[in-house]
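Taking it in order: structure first as structure tokens, then the write-up.
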Amino acid sequence: MKPTTIILTGAPQSGKSTLLARALDRLSDLKTTGFLAKGLWKNNLREGFDLVDLTTGKTTPLARRNPLAPPKTIPFTFFREGMEAGNKALDPAKCKHADLVCVDEVGKLEMQGRGWARLLGPLLQLEHPVHLWVVRQELVHPVSCIWSLQNPVIVDVHDPTALELLVTHIRTQP
950 MKPTTIILTG APQSGKSTLL ARALDRLSDL KTTGFLAKGL WKNNLREGFD LVDLTTGKTT
1010 PLARRNPLAP PKTIPFTFFR EGMEAGNKAL DPAKCKHADL VCVDEVGKLE MQGRGWARLL
1070 GPLLQLEHPV HLWVVRQELV HPVSCIWSLQ NPVIVDVHDP TALELLVTHI RTQP
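Numbering (the working numbering), first residue to last: 950 to 1123.
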């Protein structure tokens, strides 16, 4: 049986979300749910993220940089409305009829049981959709272990054929 989970990976700020957006442009015929995290920049520094619901196209502020965040913590403040929009986009009842469910991203928050963590298990129980998760390179193994991902397809954003690999793997899933 072919894997139904695809992980798009790379270093922080390496273009994972940009590559995902390019792939989604080429997969516009698929029924896609979930969301894309659109990065915001100010003075060459990641200022925050907006969440783009892939079903509705609606953009909602998700997080902004918190200059007072202690070192070695997540340096962003998350907005309630952005989290609610993400929870709605990942509602398993909404996603069960999709061809593709995108989660941009599964990261440190989720590994702490926060963020989208409570929805990931129920989403993985859905039989039909292909799951595409954006995950930082150093978190691929722990994320795979936490959610018991069996042989996920790994696509590295730095691979020159990453776009083609992503599109091909999504299209060839059962």
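All C-beta atoms, glycine included, are put in the ideal place defined by N, C-alpha and C.
**Secondary structure, alpha helix (DSSP H): runs of 4+ residues fully inside the stretch 1028-1101** = 1029-1038, 1041-1044, 1057-1060, 1066-1073, 1089-1095
**Asked** residue 1017: buried (16+ other C-beta within 10 angstroms of its C-beta) or exposed?
**Response** exposed
**Asked** When the Cβ atoms of the stretch 1076-1084 are set against those of the stretch 1046-1059, are three or more pairs found closer than 8 angstroms?
**Response** yes
**Residue nearest to residue 997 in terms of C-alpha spacing, selected from 1090, 1023, 1073, 1079** = 1023
**Request:** Measure the Cβ-Cβ separation of residue 982 and residue 1078 and say whether it is below 9 angstroms.
**Result:** yes
**Request:** Reducing DSSP to helix, strand and coil, say where residue 1023 ends up.
**Result:** coil
**Request:** Report the residue from 1099, 1107, 1112, 1114 whose alpha carbon sits nearest the alpha carbon of residue 962.
**Result:** 1107
**Prompt:** Can we say the stretch 1101-1119 touches the stretch 969-989, given the rule of at least three CB pairs closer than 8 angstroms?
**Reply:** yes
**Message:** Determine whether the beta carbon atoms of residue 969 and residue 985 lie at a separation below 9 angstroms.
**Reply:** yes
**Message:** If the criterion is Cβ atoms closer than 9 angstroms, does the pair residue 1065 and residue 1052 meet it?
**Reply:** yes
**Request:** On a CA-only basis, which of 1060, 1069, 1014, 1026 is nearest residue 1041? Give me that one, please.
**Result:** 1069
**Message:** Within a Cβ cutoff of 6 angstroms, which residues of the same chain sit near residue 1109, ignoring the five residues on either side of it in sequence?
**Reply:** none
**Item:** Beta carbon of residue 1037 nearer than 9 angstroms to that of residue 1002
**Value:** Going by C-beta atoms, residue 1037 is nearer than 9 angstroms to residue 1002.
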